[in-house]
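Data block below; observations after.
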Amino acid sequence: MAARYAFFCGSYFALVQFGFFFVLEANLSSAGLTYLAVTCSWLLGSFFGLRLEKRKAGSFEAVLGLGSALAFYAVALAVKLFPFDNSFLWLYSILTACGGLYAGTFFNANGTRFKRVKDIFFWENNGFICGILGTFLGVSFLGIGFLYAAPGLAAGLLLVIKKRLRSEEEREEDFRGLLDRFSTKI
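In case it helps, my numbering puts the sequence shown at residues 15 to 200.
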């Protein structure tokens with residue numbers, strides 16, 4: 015279940031990151047500065063997410079997952095209200111960094127679910143590649159409606175998967191506790 019969760023998170027990161035990029039490219043500017051702002055802001059947010067304590071990262075993970083979708087919708091709304099106005103690029107950069115915060119938090123909170131670090135990167139990176147392809151195909155064939163609907167739907171699905179993963183881990187922990195108590199009595 016942890017591998018599926020990491021894969022889906024990678025897909026979600028690609029969807030949101032490329033969502034920021036497509037919305038800003040279409041409504042602000044297709045110059046290199048826009049791409050640079052999205053990329054650097056996302057990476058900066060990821061860096062700050064990695065800096066959270068592991069204990070705090072786990073408790074903030076669900077909130078930040080929803081927050082990244084909300085940050086995307088805030089950018090989409092602002093860019094519609096003020097089309098082709100570069101004076102708000104600082105705001106879009108801050109909101110993009112808020113979206114990227116979840117990516118760093120994900121790695122911080124979920125690193126212990128995998129035996130080796132390369133396993134979490136394997137599943138998340140493969141999900142990211144599929145997310146890039148899925149986002150591109152969704153926008154190409156379904157249009158801008160896909161871009162506006164997908165982050166919210168994916169964030170909701172992400173919460174469901176996270177809850178199932180947590181309940182599965184709690185059941186496993188309870189079972190291990192029973193085995194420990196049983197083995198000490200023998």
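Yeah, the Cβ is synthetic: ideal placement off N, Cα and C, and Gly gets one too.
Roughly how many whole angstroms lie between the Cα atoms of residue i and residue j?
i: residue 102; j: residue 86; result: 14 Å
i: residue 139; j: residue 60; result: 15 Å
i: residue 62; j: residue 155; result: 35 Å
i: residue 181; j: residue 20; result: 16 Å
i: residue 145; j: residue 104; result: 26 Å
i: residue 46; j: residue 36; result: 13 Å
i: residue 18; j: residue 25; result: 11 Å
i: residue 161; j: residue 167; result: 11 Å
i: residue 159; j: residue 179; result: 30 Å
i: residue 124; j: residue 173; result: 15 Å
i: residue 133; j: residue 120; result: 14 Å
i: residue 128; j: residue 16; result: 8 Å
i: residue 109; j: residue 96; result: 15 Å
i: residue 148; j: residue 29; result: 8 Å
i: residue 136; j: residue 80; result: 24 Å
i: residue 126; j: residue 42; result: 40 Å
i: residue 50; j: residue 107; result: 10 Å
i: residue 52; j: residue 31; result: 8 Å
i: residue 100; j: residue 39; result: 12 Å
i: residue 91; j: residue 33; result: 13 Å
i: residue 169; j: residue 117; result: 13 Å
i: residue 164; j: residue 74; result: 22 Å
i: residue 23; j: residue 143; result: 11 Å
DSSP three-state label for residue i, please.
i: residue 47; result: helix
i: residue 141; result: helix
i: residue 67; result: coil
i: residue 130; result: coil
i: residue 150; result: helix
i: residue 136; result: helix
i: residue 74; result: helix
i: residue 159; result: helix
i: residue 165; result: helix
i: residue 62; result: helix
i: residue 96; result: coil
List the endpoints of the continuous alpha helix (DSSP H) containing residue i.
i: residue 124; result: 103-124
i: residue 41; result: 16-41
Handout entry: Cβ pair count under 8 Å reaching 3, the region 49-57 against the region 98-116
Key = yes
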